[in-house]
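Worksheet: one structure, shown below.
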Amino acid sequence: MRPNRFHNVLRIGPVRVGDHHDGRGRTKHTAVCTAPRCDFSADYNTRAAAELAAHTHRCNPR
Ligand SMILES: [Zn+2]
């Protein structure tokens with residue numbers, strides 16, 4: 238999943254958090270891991286939730 242209009246992009250370790258509009262007047266907050274072989278990405282309704290997810294994300298969980 239790759240929204241093409243990220244703004245306010247913040248990098249936390251390998252994870253990027255960006256805001257984008259969902260086309261219906263709302264802003265969504267997406268966390269995407271950029272590490273190779275990690276395809277973590279998720280949408281959140283709040284910036285705080287997205288940043289928390291980025292902080293707590295661990296690549297290659299066992
Ligand atoms: Zn990862």
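Residue numbers for the sequence shown follow the numbering used here, so the first one is 238 and each next one is one higher. All C-beta atoms, glycine included, are put in the ideal place defined by N, C-alpha and C.
Per DSSP, H266 lies in no alpha helix (DSSP H); the unbroken beta strand (DSSP E) holding it starts and ends at 264 to 270. Those residues that bring their Cβ nearer than 6 Å to a heavy atom of ligand 1 are P251, C270, A272, C275, F277, H294, C296. At a Cβ-Cβ threshold of 8 Å, A268 and V254 count as neighbours. In this structure H292 is exposed. Its beta-carbon is surrounded by fewer than 16 other beta-carbon atoms within 10 angstroms. Counted as a single uninterrupted DSSP element, the stretch harbouring H294 is not any alpha helix (DSSP H), since DSSP gives it neither H nor E. Counting every other CB atom within 10 Å of its CB across the protein chains shown gives C296 a total below 16, marking it as exposed.
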